[in-house]
Amino acid sequence: MKKIVTLFLIVFSLMVIAGCQTNSPLELTVQVVDQSNDVRFEKTIQYSEGAFDGVLEAIESEVLMDYEMSEYGAFIKGVGGIYPTDSSYWYSIYVDDIYSEVGIVELTLEDQMVIEFRETSMKDALALEVDQSIYSFVDQLVEDYISDEKIDYYVFAAYQKLQTFNTRLATIESLLTKEKIKTDYSVISDLPSAFRSAIYFKALGLNLDLTTTYLSGSSVNEGPYAVYSYYPLVLSKYIINQTVDEVHLGQLSSETTISDADYAGMALQLLSLDSDSYDVRINEILTYLKETVTKDGFLDYSGKASASSTAQVVLGLVSLGINPRSFENIDLIEALMSYQEEGGFKNHQTGAVDLMFSTPQVFSSLVVYKLFNDTYQNPKTSLYF
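Numbering (this note's numbering), first residue to last: 1 to 385.
In structure tokens, the structure reads:
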């Protein structure tokens, strides 16, 4: 009798163990890892055998997934509300820390597998640092430069350009009100105001008649610093209706002096509007820049290497489709980044952060460089259009 009872207990125990094994949940862990290898999102999903047809279905049961299906499979855009930095990044799929050569739809669901969506790009370390600097500025400082209380035209123009690469950024309309802009520029009495109104009104879809009327009757100061008048006049006309002001470009092209790097950068931006017609003057300016560049960038009027002056040259070079990272064996973007401190930028290597001038100018030049670098074949890229 004891043998029968013992045998019964053994069989019963085996049945209980088998039942427990059958009912134990299977697990799938999902992670999102950013460029810095920080885990931004993690979720462990428990499921029973046969509950799902594949990995994607299992993940979707508990994780919000944003993806597009095509003949090539599922392109993952977002996981758990987390997205890549912008459109120049994407998610690569890793299974148990090994890169998956097949898409998520083709993966076979297995117990204890770890699916990692790893943010990926083809950029080098400096380009990644530039992106980090740009988005740090957007997160921490952009509202100091775009609001009803204050608008900086460098930041405004750069932010608008950046939105083409990152549609998840806050809209400009959410940062300021159109009515305030219209009130501020209800009277236009000088070229700087006309220039700023052209930038703001064009971006916000406002009526540009006042600006156009002022520009039609405006004149510029001639002489060695005429470029500072040409700049707002010529660019405003092009911003409004893509009209190239050949008269003033011709006058600019006929000048024989180059006062400094700021002049050179601004002149290149203007002459880039019709670079074929003004190639001689452009080459003269480029020669000047090649002869005056330093490891820290370009000198300003004080004779010191300056972030603002270097930023202006970067805007000029990129407007012609010239890579600023290999200018006479000097990486001008690396030079600009050397001025960064505490989220802003100094104007000189020694000195305090300059939030009024250098920081918005450098931010705008980094954004324009980013768009140039991230766009196929590195086309001519302007800050304003």
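We put the CB at the ideal spot given by N, CA and C, even for glycine.
Should residue i be labelled buried (16 or more other beta-carbon atoms within 10 Å of its own) or exposed?
i, result
"R168", "exposed"
"F372", "buried"
"V314", "buried"
"V187", "exposed"
"A158", "buried"
"M122", "exposed"
"E295", "Here the sequence assigns Lys to residue 295, which means Glu is not the residue at that position. Per the 10 Å Cβ criterion, exposed."
"P25", "exposed"
"A264", "buried"
"Q361", "buried"
"S219", "exposed"
"L14", "Note that L14 scores 42 on pLDDT, short of 50, meaning its location in the model is unreliable; the coordinates nonetheless yield the value given after this. Its Cβ having fewer than 16 others within 10 Å, L14 is exposed."
"E42", "exposed"
"T310", "buried"
"K161", "buried"
"K370", "buried"
"Y72", "exposed"
"I98", "exposed"
"V112", "Correcting the residue type first, residue 112 is Gln in the shown sequence and not Val. Q112 comes out exposed."
If you draw a straight line from the C-alpha of residue i to the C-alpha of residue j, how long is it?
i, j, result
"A125", "D131", "10 Å"
"P232", "V95", "54 Å"
"M65", "S87", "17 Å"
"Q21", "S48", "The predicted model places Q21 with a pLDDT of 49, which falls under 50 and marks its position as unreliable, so this point remains unresolved."
"D144", "F156", "11 Å"
"E173", "A51", "46 Å"
"W90", "V32", "11 Å"
"E101", "L107", "10 Å"
"Q340", "Y200", "28 Å"
"L366", "L215", "30 Å"
"T211", "F363", "27 Å"
"T171", "G103", "33 Å"
"V293", "K202", "35 Å"
"S70", "K77", "13 Å"
"L355", "E342", "11 Å"
"D209", "E246", "22 Å"
"D139", "G80", "21 Å"
"A226", "T375", "33 Å"
"S92", "T120", "6 Å"
"I240", "D331", "34 Å"
"S272", "E328", "20 Å"
"L175", "I151", "10 Å"
Pull up the DSSP beta-bridge partners for residue i, would you.
i, result
"V33", "V39, R118"
"A250", "The question names Ala, yet the displayed sequence has Gly at residue 250. Note: G250 sits in no beta bridge, so no partner."
"Q46", "E27"
"G73", "S70"
"G321", "Looking at the DSSP assignment, G321 forms no beta bridge with any residue, so it has no partner."
"G78", "D66"
"L95", "Note on residue identity: the sequence assigns Val, not Leu, to residue 95. Answer by DSSP bridge pairing, in chain order: I98, I115."
Cβ pair count under 8 Å reaching 3, the region 340 to 357 against the region 312 to 327: no
Stretch-stretch touch, CB-based, cutoff 8 Å, three pairs: the region 242 to 253 with the region 287 to 303: Contact fails: fewer than three Cβ-Cβ distances are below 8 Å.
Ordered list of alpha helix (DSSP H) runs contained in the region 121 to 179, each at least 4 residues: 125 to 140, 142 to 145, 153 to 162, 172 to 175
Validate contact between the region 299 to 308 and the region 266 to 274 using beta carbons, cut 8 Å, 3 pairs: Taking a cut-off of 8 Å on C-beta distances, the region 299 to 308 does not touch the region 266 to 274, as fewer than three cross pairs fall below it.
Runs of alpha helix (DSSP H) lying entirely within the region 330 to 362, each at least 4 residues, in chain order: 332 to 337
Segments assigned alpha helix (DSSP H), at least 4 residues, entirely inside the region 265 to 332: 279 to 292, 307 to 319
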